[in-house]
Amino acid sequence: MHRRQLLKIFSAFPLSFSTGHLLSAPASPGKLLLVFLRGGYDAANLLVPVNSDFYYESRPNIAIARPSIDINSAISLSSDWALHPVLRKTIYPLYMEKQAIFIPFAGTNDLSRSHFETQDNIELGQENDMRRNLHSGFLNRLAAVLNGVAPMSFTDQLPLIFQGNANVPNTALRNIAKPALDARQAKIISSMYKNTEFSRQINEGFSVQDEVTQEIAKEMKAASRNAINAKGFELDARRVARMMREKYNLGFIDIGGWDTHIGQGGATGYLANRLDELGRGFAAMAHELGSDWRNTVVVVVSEFGRTFRENGNHGTDHGHGTVFWVLGGSVRGGEVRGEQVQVNAKSLFQNRDYPVLNEYRAVLAGLFLKLYGLNSSQLNTIFPGVQPKQLDLI
Amino acid sequence: MTEIKASCICAKFFLIFSLFSSASYASPEWKNQHDFDLEKADLYSVLNRITWGVNSSTYKEAKSIGVNQYVDQQLHPGRDELPIEIQSQIDAMTISQRPVDQLLIELEQRRKKVDSILKSTVSDNEKKTAQLAYQNELNRLEREAASRSLLRDVYSRNQLLEHMTWFWMNHFNIFPGKNNLHAMVGDYEDKAIRPHSLGKFRDLLAAAVFHPAMLRYLDNDQNAANHINENYAREILELHTLGVDAGYTQRDVQEFARILTGVGVNFERGTPTVKRELQNQYVRRGVFEFNPNRHDYGNKVFFGKVILGQGLAEVNEVLDILSRHPATAHFISQKLAAYFIGDNPPAALVKRMTNTFIQTDGQIDATLATLFKAPEFRQSLGHVFKDPIHYVVSSIRLAYDRKPILNTTPMVKWLYRMGESLYGRQTPDGYALSSIFWFSSGQMMTRFEIGKAIGSGSAFLFNPEGQQAQEHSAFPQLANALYYEVLQNSLSQTTQQALEKATSSQEWNTFLLSSPEFMHR
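Same order as they appear, the protein sequences are chains R and L.
Just so we're aligned: 332 in this note's numbering is position 332 of the first sequence, and the numbers increase by one with no gaps anywhere.
Just so we're aligned: 75 in this note's numbering is position 75 of the second sequence, and the numbers increase by one with no gaps anywhere.
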């Protein structure tokens, strides 16, 4: 099936896949990109609980001011929530076009508050009290049950989330040097593998390398015509978008630098700069995907939120509940979704963090169900024993 | 029900064990260690499997003394002799010069100082700087350990010892990023794991179990009477000794956790106040501590056997049970066989290794001897896909032999990119040994890139850390006597034809290091 046809189906019958039990192995109709903010970003300063006096009491130095005419105040999204002002020109317009959703009180049941344990748990997506297969990530299991899936990890190494039995290529897009091998050398090396069990991997590897090289060539050409030179995550995001537009429909990328124990800043400062970079990236991604943005869903997660109260160093420590983002041309956006509670001292988990009311596997299972029309056994392969939660995301 | 089953297994095992111990090592299977029958196999392939990868000097050495003698020497290593430049690189490291206990206590003081800076009123920038400096020092110590390990892998004459050190480090995996173990991982490798890599499993197990790095990594420093933390107890049973399906019960895990209470660490110079009647029970070795105040002195029942509450001795009693349990013998033999001959080793071979393990009371060298003399071992030669660490180390060994590299950073970076960094596996199960995890397309492309970097001498292995990149060193000569004498014979027609298409020596090297045959051991 061609992309154009898929696009048509996807946009005309956005709900049709929820009853799609006809196919035993569902096709991959839309494009899904999972973005992992490693380090536990401070979600309470992204999505500001502006109605909570407790928020302002808890963060005397780093709170984002209530919406006002001040350019550095939070941007109102609903009666309860407002957005970090640094996202005014990037994420806010998407939200207004109903292409962005935020899910507060999201996360895992893991209570270790350890980066690596919680990241591992999320990436494995298996019950903690069950015997786990430590070499099987949930995106790999998703790739394994889908038909026509073209997965790609836009990372230096294959992350746990994509490890497992399905073959998943990886390529980082940040610092791309000229390919080490020229076309002739690639051909000669491929020839050595033609009768081996690795021939598919080798051919795939060289063709990914070609695609990346071509993308970079196009980028250089655009740059020489005075296009703005992107950097940081924005550069990654543009490249990811072009690769996903051309070929891949199940992607993963991670971004570090969110572990803000000291001096995280408020409306401006360290975290604001990181969020700005992120926002620019997603706006650029939407732009680069063009008409394909309509059948793309981007989900942004992080291992945990941070302590609700600021610490003694104008920063925040490892917490629990966080805020997930869901972006895309066809998401049912413009809302803050999921189970919520009033933000006050009583509703904090262990008197320090946001609680988790929207468990990540249930949320993602609900999304996958709708996006791919999985049956219950497929869903059970991806997230064993999980009851999907329908948040009406797409 | 399960309790009964466990005690049955136990009784049967004690019977088996007493039979064998009275038989005083009478099996011919492992006794004639010189008789490996390996002269039937191709020497190049044997060396490629037992060592970190063949090179000219290893080949010459093995050829001159004969393969059986060589393998026997590898199983019973003598004093090592590293190239003098490599030895001096290692000698210059902080981890070689400072006793680890002193270093750890000092770093703990430093951590407290950083903590007090964080609590003070200095600027956020000063706070960040102080924390970063401390973190950098820890990372530097971990990097030293990784560097020492890689240099030994490349240059040690005791290749099998280093090969097995990696295996056991992976088996008893710790992750330095958890609970701040960066400064300890080198000591863990050097003092706990490496000395016992070819010795007795019981000694190895005890060394790992009592090492502060392991105790912290698996949270046993948090395990105290009435505040039970089962993590370590469970992983010892599941990952380190019996294996997951060995028939132990949740009760066994809980009882073992009680037995392990009070086994922990102490980074202070002082010692805690211990109840008078328990003072003679207190144990302190460096930062290792057994604190009787934290121990549960009640009796326990483990695997159907009553363990009397008597402090640290209980742990030794349990380690005896575990290291002599047939399930452990099987689990370890299976894993050793998979490491050396690939996924799904034949059951009959694993059984023979298991027997040797039991008969020798867990001698690792004897168990490996049974493996090396097996026809299944000879048949498997050349067919095991290298994981990234084997690819990287074997490439450097082949390329540079005894010529000392001056910087291991490129190796460290390559391993990171391929997802198999030293000390980089976060979960206690260690890296997967199965080949399917290591031949993704991105992985293979990275290998070709490495092959080219080494093959064309552009890998910066000869630029000392921190110095400006110099001009490329001379590329290695892989088309050498070793190649024409033996390596060439291992290559398929297709590979040889590809090599003929090379237009320069550098390119020829690149093709050789990228060939399917070189991806296998």
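Backbone N, C-alpha and C define an ideal beta-carbon position, used for all residues, glycine too.
**Message:** What residue range does the beta strand (DSSP E) around R285 of chain L cover?
**Reply:** 283 to 285
**Message:** When you compare the CB of Q506 of chain L with every CB in chain R, is at least one pair closer than 8 angstroms?
**Reply:** No, because no Cβ of chain R sits closer than 8 angstroms to the Cβ of Q506 of chain L.
**Request:** Could you tell me which of L:H163, L:P212, L:L205 sits nearest to V185 of chain L, measuring between CA atoms?
**Result:** L:P212
**Message:** Tell me whether the region 422 to 436 of chain L and the region 167 to 178 of chain L touch, counting them as touching only if at least three CB pairs, one residue from each stretch, are closer than 8 angstroms.
**Reply:** yes
**Residue range of the alpha helix (DSSP H) that includes L367 of chain R** = First-last of the alpha helix (DSSP H) with L367 of chain R: 360 to 372.
**Prompt:** Straight-line CA distance for I341 of chain L to K386 of chain L?
**Reply:** 11 angstroms
**Request:** May I ask you to report which of helix, strand or coil DSSP gives T367 of chain L?
**Result:** helix
**chain R within 8 angstroms of R525 of chain L, Cβ atoms only** = Residue 525 of chain L falls outside the range modelled here, since chain L spans only 1 to 521, and no answer is possible.
**Item:** Three-way DSSP call (helix, strand, coil) for R521 of chain L in this model
**Value:** coil
**Prompt:** For the region 153 to 178 of chain R, which residues have a CB atom closer than 8 angstroms to at least one CB atom of chain L, in sequence order?
**Reply:** S153, D156, Q157, L158, Q163, N165, N167, V168, P169, N170, T171
**Message:** Just to confirm my understanding: we take R402 of chain L, look at its own chain, exclude 5 residues before and 5 after, and list those with CB closer than 6 angstroms. What are they?
**Reply:** S57, P83
**Item:** Where W258 of chain R falls: helix, strand or coil (DSSP)
**Value:** coil
**Item:** Cβ of P516 of chain L within 8 angstroms of any chain R Cβ
**Value:** yes
**Prompt:** With 16 as the cutoff for other CB atoms within 10 Å, does N489 of chain L come out buried or exposed?
**Reply:** exposed
**Message:** For the pair the region 47 to 56 of chain L and the region 152 to 159 of chain L, tell me if three or more CB-CB distances fall below 8 angstroms.
**Reply:** yes
**Prompt:** Would you report the Cα separation of G251 of chain R and F162 of chain R, rounded to the nearest angstrom?
**Reply:** Distance between the alpha carbons of G251 of chain R and F162 of chain R is about 9 angstroms.
**Message:** Here's a check: name, in chain order, each residue in its chain whose Cβ is nearer than 6 angstroms to the Cβ of T408 of chain L, leaving out the five neighbours to either side.
**Reply:** S147, L150
**C-alpha distance - R79 of chain L paired with S421 of chain L, whole-angstrom precision** = 28 angstroms
**Prompt:** Where G451 of chain L and L107 of chain L are concerned, what is the direct C-alpha to C-alpha distance, given to the nearest angstrom?
**Reply:** 40 angstroms
**Message:** Is R131 of chain R close to chain L? Criterion is C-beta to C-beta, closer than 8 angstroms.
**Reply:** yes
**Asked** Considering only residues of the region 205 to 290 of chain L, which uninterrupted alpha helix (DSSP H) runs meet the minimum length of 4 residues and lie entirely inside it, listed in chain order?
**Response** Counting only runs of at least 4 residues, the region 205 to 290 of chain L fully encloses the following alpha helix (DSSP H) elements, listed from N- to C-terminal order: 212 to 217, 231 to 235, 250 to 259.
**Short CB-CB distance (under 8 angstroms) between Q214 of chain R and chain L** = It does not: the Cβ of Q214 of chain R has no partner Cβ on chain L nearer than 8 angstroms.
**C-alpha gap between Q119 of chain R and K335 of chain L, whole angstroms** = Taking the Cα positions, Q119 of chain R is about 28 angstroms away from K335 of chain L.
**Prompt:** Would you report the Cα separation of I69 of chain R and V86 of chain R, rounded to the nearest angstrom?
**Reply:** 14 angstroms
**Asked** At what residues does the beta strand (DSSP E) containing F302 of chain L begin and finish?
**Response** 300 to 302
**Request:** Give the residues of chain L in contact with I262 of chain R, contact being defined as C-beta atoms less than 8 angstroms apart.
**Result:** L118, D124, K127, K128, Q131
**Message:** Considering only the alpha carbon of each residue, which of L:Y44, L:Q74, L:L75 lies closest to V60 of chain L?
**Reply:** Per the sequence shown, the amino acid found at residue 60 of chain L is Lys instead of Val. The option with the nearest alpha carbon to K60 of chain L is L:Y44.
**Asked** Does the distance from the CB of I382 of chain R to the CB of F511 of chain L come in under 8 angstroms?
**Response** Taking 8 angstroms as the Cβ cut-off, I382 of chain R and F511 of chain L do not qualify as a contacting pair.
**Item:** Proximity of R282 of chain R and Y354 of chain R at Cβ, strictly below 8 angstroms
**Value:** Arg is not the amino acid found at residue 282 of chain R; the sequence shown has Phe there. The answer is no: Cβ separation not under 8 angstroms.
**Message:** Can you check which of these residues, R:E277, R:Y41, R:A143, is closest to L374 of chain R by C-alpha distance?
**Reply:** For the residues R:E277, R:Y41, R:A143, the minimum Cα distance to L374 of chain R belongs to R:A143.
**Message:** I need the DSSP call for M152 of chain R, collapsed to helix, strand or coil.
**Reply:** strand
**Item:** Assumed close pair H182 of chain L, L215 of chain L - CB separation to whole angstroms, cut-off 8 angstroms
**Value:** Not really, about 16 angstroms apart at Cβ, beyond 8 angstroms.
**Chain-ordered chain R contacts of V244 of chain L [CB-CB under 9 angstroms]** = R131
**Message:** What does the alpha-carbon distance come out to for the pair D545 of chain L and R113 of chain R?
**Reply:** Any property of residue 545 of chain L remains undetermined from this structure, which presents chain L solely from 1 to 521.
**Prompt:** With distances taken from CA atoms, which of L:H520, L:E500, L:F448, L:S440 is nearest R200 of chain R?
**Reply:** It is L:S440.
**Item:** Bridge-paired residues (DSSP) for S302 of chain R
**Value:** R:L37
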